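Student:
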Amino acid sequence: MGRKSVAILDVRTSEIAVVLGERGVNNTFVFKASKTEPYEGYDEDGVFFDEAELRKAVVDAVSSAEQICGERIREIFVGVPGAFCTVRKTERTVGFPKKRRIGQAEIDMLFNSGDEPLEGYRRIRAASMIYTTGDNRRAVDPTGIASTVISGELSYFYCKDEFIALFEDIFSKMKIAAHFLPAQYAMATYLIPSETRDEGALFLDVGFLSSSVLVLLGNGVCAQGTFWVGEGHLAQYIMDELSVPYDVALMLLTKANLYARGDLGNREFVIEGDAYDVDMDLLAEKVKDGLDELFCEKIGAFLQENAGRELDYKPLYVSGEGLCGIRGALEHISKRIERVCEQLAPDLPYYNKPSMSSRIALLDMACGDSQKKGMLYKLINKFGG
36 MGRKSVAILD VRTSEIAVVL GERGVNNTFV FKASKTEPYE GYDEDGVFFD
86 EAELRKAVVD AVSSAEQICG ERIREIFVGV PGAFCTVRKT ERTVGFPKKR
136 RIGQAEIDML FNSGDEPLEG YRRIRAASMI YTTGDNRRAV DPTGIASTVI
186 SGELSYFYCK DEFIALFEDI FSKMKIAAHF LPAQYAMATY LIPSETRDEG
236 ALFLDVGFLS SSVLVLLGNG VCAQGTFWVG EGHLAQYIMD ELSVPYDVAL
286 MLLTKANLYA RGDLGNREFV IEGDAYDVDM DLLAEKVKDG LDELFCEKIG
336 AFLQENAGRE LDYKPLYVSG EGLCGIRGAL EHISKRIERV CEQLAPDLPY
386 YNKPSMSSRI ALLDMACGDS QKKGMLYKLI NKFGG
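To convert, count from 1 in the sequence shown and add 35; that's my numbering.
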């Protein structure tokens, strides 16, 4: 693998994707290879339905990506879905004998003071929401400020041991070093500008079987909630309500129009040789009912639990593959939760779809981590450390 190239594994609830690329100019990317493989996903307890199938899908995707780009992948960054990831928020303070200029050593000291083990989990990342110095100055980045004290509201991201053990075993057999990144956090920080997050922001990632909501502040996360609900559950709801096969229900979600006013009448759909006569007004009403029951209640409850963070007027930014194909879905949710919902996607040609958000965000975070690691390596060798 080239020195500037990074590889990521995006684990969604219906497919996994391996992407190999590097940073381009003006925040773009140069993509060298991409391979997607379907698999059965995981349940609400964070257990993969078919581990053998998952292992095969990962090996096939990595091998195909290597063949496409003609490079050997030696390390890979694995996106950890919300179902396997938890966030802990804490406040920490460290003091110094005399005033000193804050640098990376002091910031590391602050983070280390709050690094507490969590049984059954491994810490994979830490981030700051806001820092406060001894004279009560608040800063997103305190570097260069002179103070005798530094405090911070910090976020620690933990991944389940079972998830790490599984993927480390898969990649150790392939002689690939694995690193782990919180997927929804990567999406939120990539898609939402820092100046927006500095004032507090809300992010919703909707997948096929699982969805996550994040409350963001600065570069950190105040709260994260993951729900066992997604496009697949909405299709199941339509299947039961309209008495159609599951594959037909999935297709009907893309045909529903929640914007429409008035009588849409009936339409006939022929799928694999079978004809289905569908009342389009009834379909739209049932999709709305499903959104209310499956999504709006859970999202509304989470937002109510995390009220009081000056977020009442903030929009809910939404991405992921789960709702992007349903016309009017976000507008309906917006009315029900009484909050503006705004869809986000990567600002990249050919990849500007919500379904691409997770893999592009992971690639962005992996490039940043790889660059920092490379700079540290150069410093250590320069100074003989």
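Even for Gly, the Cβ is constructed at its ideal location relative to N, Cα and C. As the structure is a computational prediction, the values presented were derived from the model and not from experiment.
Assign V241 to buried or exposed, taking buried as 16 or more other Cβ atoms, counted over all protein chains shown, within 10 Å of its Cβ.
Tutor: Numbered from its first residue, the sequence shown carries residue 241 at position 206. When all chains shown are included, V241 counts as buried.
Student: Whole angstroms is fine: what's the gap from K370's alpha carbon to I103's?
Tutor: For the purposes of this step, residue 370 is identified with residue 335 of the sequence shown, where counting begins at 1. For the purposes of this step, residue 103 is identified with residue 68 of the sequence shown, where counting begins at 1. Approximately 46 Å between the Cα atoms of the pair.
Student: Taking all protein chains shown into account, decide if M391 is buried (16 or more other Cβ within 10 angstroms of its Cβ) or exposed.
Tutor: To locate residue 391, count along the sequence shown from 1; it is residue 356. Buried, because 16 or more other Cβ atoms sit within 10 Å of the Cβ of M391.
Student: Determine contact between the segment 348-361 and the segment 242-257, defined as no fewer than three beta-carbon pairs at a distance below 8 Å.
Tutor: yes
Student: Sorted by chain position, which residues of the same chain lie with C-beta nearer than 6 Å to A92's C-beta, five sequence neighbours on each side aside?
Tutor: For the purposes of this step, residue 92 is taken as residue 57 along the sequence shown, with counting starting at 1. Contacts found: I51, E72 and Y74.
Student: Apart from the five residues just before and just after D176, which ones in its own chain have a Cβ nearer than 8 Å to its Cβ?
Tutor: Taking the sequence shown and counting its residues from 1, one reaches residue 176 at position 141. Y166, listed in sequence order.
Student: When DSSP labels each residue in this structure, what does F12 get in the three-state scheme?
Tutor: The chain is shown from 36 up to 420; residue 12 falls before or after that span and cannot be answered.
Student: Using three-state DSSP, classify E197 as helix, strand or coil.
Tutor: On the sequence shown, residue 197 is found 162 positions in, with the first residue counted as 1. Here E197 sits in helix by DSSP.
Student: Can you give me the Cβ contacts of T224 inside the same chain, cut-off strictly under 8 Å, excluding the 5 residues immediately before and after it?
Tutor: On the sequence shown, position 189 is the one that residue 224 refers to. Around T224: R232, L251, N254, A396 and M400.
Student: Under 7 Å, do K134 and A181 count as touching if we go by C-beta distance?
Tutor: The sequence position of residue 134 within the sequence shown is 99, counting from 1. The sequence position of residue 181 within the sequence shown is 146, counting from 1. Yes, the pair counts as a contact, with Cβ atoms nearer than the cut-off.
Student: Ends of the alpha helix (DSSP H) at T224?
Tutor: Against the sequence shown, residue 224 aligns to sequence position 189. Residues A218 to L226.
Student: Spatial neighbours of V65 within its chain, please: C-beta separation below 8 Å, excluding the five flanking residues on both sides.
Tutor: Reading the sequence shown from its first residue, position 30 is the one you call residue 65. If we look at V65 and ignore the five residues flanking it on each side, its Cβ neighbours are G56, E57, R58 and G59.
Student: Could you give the DSSP three-state label for G130: helix, strand or coil?
Tutor: By one-based count along the sequence shown, residue 130 stands at place 95. G130 falls in the strand class under three-state DSSP.
Student: To the nearest angstrom, how far is it from the Cα of C402 to the Cα of I108?
Tutor: In the sequence shown, the residue the question calls residue 402 occupies position 367. In the sequence shown, the residue the question calls residue 108 occupies position 73. About 15 Å.
Student: So, are the CB atoms of P217 and V115 less than 7 Å apart?
Tutor: Residue 217 sits at position 182 when you count from the first residue of the sequence shown. Residue 115 sits at position 80 when you count from the first residue of the sequence shown. For P217 and V115, yes; Cβs fall inside 7 Å.
Student: By the three-class DSSP mapping on this structure, what secondary structure does L55 have?
Tutor: Indexing the sequence shown from 1 puts residue 55 at position 20. Reduced to three states, the DSSP call for L55 is strand.
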